[in-house]
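Here is the structure we will look at, set down as structure tokens.
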Amino acid sequence: MTVEEDYSRQLGFTVELRYEGKARFLSPVLPNSKDFAPTSLPAFFNPASKLSRDIAVLFLKAYFENREITVCEPLAGTGVRSIRFILETNLVNYVLANDISRNAYQLIKINAKLNNVEDRLEASNLDANELLAARGRGRPRFDYVDIDPAGSPAKYMENGFRGCGKNSVLGATATDLSALTGAKPFSCLRKYDSYSVKTPFLKEVSIRILAGFAVRTAARIGLAAEPVFTFLKSYYTRVFVKVSPGIDKAKKLLREIGWISYCPRCLALYVYRTSDTPISICKRCLSTIHPVGPLWLGRLCSEEIIKKMLNYANREHEIYGEAVNLLEQLLEEDTSIIGYYPVNVISSILKVRPVKPNNVIEELREKGYRATSTHLDPSAFKTDAPPEIIKEVFLHLARK
Ligand SMILES: C[S@@+](CC[C@H](N)C(=O)[O-])C[C@H]1O[C@@H](n2cnc3c(N)ncnc32)[C@H](O)[C@@H]1O
Ligand SMILES: [Zn+2]
6 MTVEEDYSRQ LGFTVELRYE GKARFLSPVL PNSKDFAPTS LPAFFNPASK LSRDIAVLFL
66 KAYFENREIT VCEPLAGTGV RSIRFILETN LVNYVLANDI SRNAYQLIKI NAKLNNVEDR
126 LEASNLDANE LLAARGRGRP RFDYVDIDPA GSPAKYMENG FRGCGKNSVL GATATDLSAL
186 TGAKPFSCLR KYDSYSVKTP FLKEVSIRIL AGFAVRTAAR IGLAAEPVFT FLKSYYTRVF
246 VKVSPGIDKA KKLLREIGWI SYCPRCLALY VYRTSDTPIS ICKRCLSTIH PVGPLWLGRL
306 CSEEIIKKML NYANREHEIY GEAVNLLEQL LEEDTSIIGY YPVNVISSIL KVRPVKPNNV
366 IEELREKGYR ATSTHLDPSA FKTDAPPEII KEVFLHLARK
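In case it helps, the working numbering puts the sequence shown at residues 6 to 405.
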């Protein structure tokens, strides 16, 4: 009998052996069809989230460097993420990998054994909120909490912060992009207490709403949560926030929370803090516009962290090749600039032929404005130039 057959009998569902990063682990047998729903498996596993796990590993290596850390993964599925943290960072001396599903819990224990990490990995079978909320009352908090649900992390966020120790980090995934991108504004309002409408830069709005929600949630319980690394890839977005105690620090971060109003008619982009008057009439063309927010207006990534992550990724390209591409794109991007413009949006407003984003970026820089590409859309550019200048550049390039 093979290892898989033996464990399948024990577990009561069929499993297969898989390899990812430095881990070998069992997952339920995956259907052949590419777009199966991982939530329909006896225990959750999505091979398409490898990049999310790669990035989390690289983030821990870059952020904590030589510090020994403890980790909590309250929604762990097969446990592969936690196991990879142990095997690939050499920083983790204890992980609590938890899942509410009995099947997942059994798999986590088996997978820990398969990778010889049982001495550093404890499995539990609780509700994530129950586990996290109980931290701090005689139970040690963690240096890193990774909230990785299928859907929105909103309902786990406050307790996630309760599980965070001094000078820790919380990482969170959201896969409910239809709410965050403005396709379902009331879902966004319900879950994130933020109003989202469609804009040409809706992917960035998603990241900023999630980051802003993390900042506001932590502030409520007296913690400062500063976004240090964020990205969005296909069906999910992720934020990593640095967590430290202090009401004053939390209030300072709240000053970076605000609103964006975008005018689709004249391209004007208004950015304003929560304490300012809402902008719902465009000052340039007097169109009615819909504010989006509250959201995070500050920088979305620390350049220093991206560089360190990239350095680690390049050392083991065979594992982290896809992460290298993403990190290189992020390094090009100025995440302190708010929003981005896909070139076809502007071309259709101006009724001119499309121009290449790189040419726009080059010309805007020549004129003294900040302009970069974005990992969120290869056909777009980010800039702090006003609409008149963007239009001037487009008309000039289209006539060339
Ligand atoms: C997206 S999967 C986790 C994937 C995993 N982090 C990885 O990287 O492979 C989400 C998991 O959360 C579990 N879950 C759902 N609700 C939960 C709850 N209230 N408490 C704990 N786990 C829960 C599900 O059983 C599922 O295994
Ligand atoms: Zn306008």
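We treat Cβ as the ideally placed atom computed from N, Cα and C, and that holds for glycine.
Identity of the residues DSSP links to residue 32 by a beta bridge: According to DSSP, residue 32 shares a beta bridge with 21.
If contacts are defined as beta-carbon pairs under 8 Å, then residue 285 and residue 295 qualify, I think. What distance do you get, rounded to the angstrom? Rounded, the Cβ-Cβ distance is 7 Å, consistent with contact.
Pick from 134, 92, 10, 146 that is closest to residue 154, judged by C-alpha positions: Proximity to residue 154 across 134, 92, 10, 146 peaks at 134, based on C-alpha coordinates.
Confirm, please, whether the CB-CB distance from residue 242 to residue 185 is below 9 Å. Contact flag set, yes.
Option nearest residue 188 by Cα separation, candidates 210, 178, 177: Comparing Cα positions, the closest option is 210.
To the nearest angstrom, how far is the alpha carbon of residue 376 from that of residue 301? Answer to the nearest angstrom: the Cα atoms are 20 Å apart.
Taking the beta strand (DSSP E) that residue 315 belongs to, which residues open and close that run? Note, residue 315: premise wrong, no beta strand (DSSP E); alpha helix (DSSP H) at 308 to 320.
Buried or exposed for residue 363, please, with buried defined as at least 16 other CB atoms from any protein chain shown within 10 angstroms of its CB. Residue 363 comes out exposed.
I need the straight-line Cα distance from residue 79 to residue 137, nearest angstrom please. Rounded to whole angstroms, the separation of the alpha carbons of residue 137 and residue 79 is 8 Å.
What runs of the alpha helix (DSSP H), each 4 residues or longer, lie entirely inside the stretch 169 to 254? Runs of the alpha helix (DSSP H) lying entirely within the stretch 169 to 254, each at least 4 residues long, are 182 to 185, 190 to 197, 207 to 225 in chain order.
With respect to the alpha helix (DSSP H) encompassing residue 398, which residues constitute its N-terminal and C-terminal limits? Residue 398: member of the alpha helix (DSSP H) spanning 392 to 404, first to last residue.
What is the DSSP secondary structure of residue 73, reduced to helix, strand or coil? It is coil, neither helix nor strand.
In angstroms, rounded to a whole number, what distance separates the CA positions of residue 69 and residue 309? Near 13 Å, if we compare the C-alpha coordinates of residue 309 and residue 69.
For residue 126, name the three-state secondary structure that DSSP assigns. Residue 126: strand per DSSP, three-state reduction.
Do residue 57 and ligand 1 come close, with the Cβ less than 8 Å from some heavy atom? The closest heavy atom of ligand 1 lies less than 8 Å from the beta carbon of residue 57.
Nearer than 8 Å: is that true of the beta carbon of residue 289 relative to any heavy atom of ligand 2? Because some heavy atom of ligand 2 lies under 8 Å away, the Cβ of residue 289 counts as near it: yes.
Just confirm the distance between the C-beta atoms of residue 85 and residue 121, as a whole number of angstroms; I'd bet it's less than 8 Å. Wrong, their Cβ atoms sit about 15 Å apart, outside the cutoff.
Count the other CB atoms, across all protein chains shown, that sit within 10 Å of the CB of residue 191; report buried if there are 16 or more and exposed otherwise. Flag for residue 191 reads exposed.
Where does residue 306 land, buried or exposed, given buried means 16+ other C-beta within 10 angstroms? Classification of residue 306: buried, given that the 10 Å Cβ count is 16 or more.
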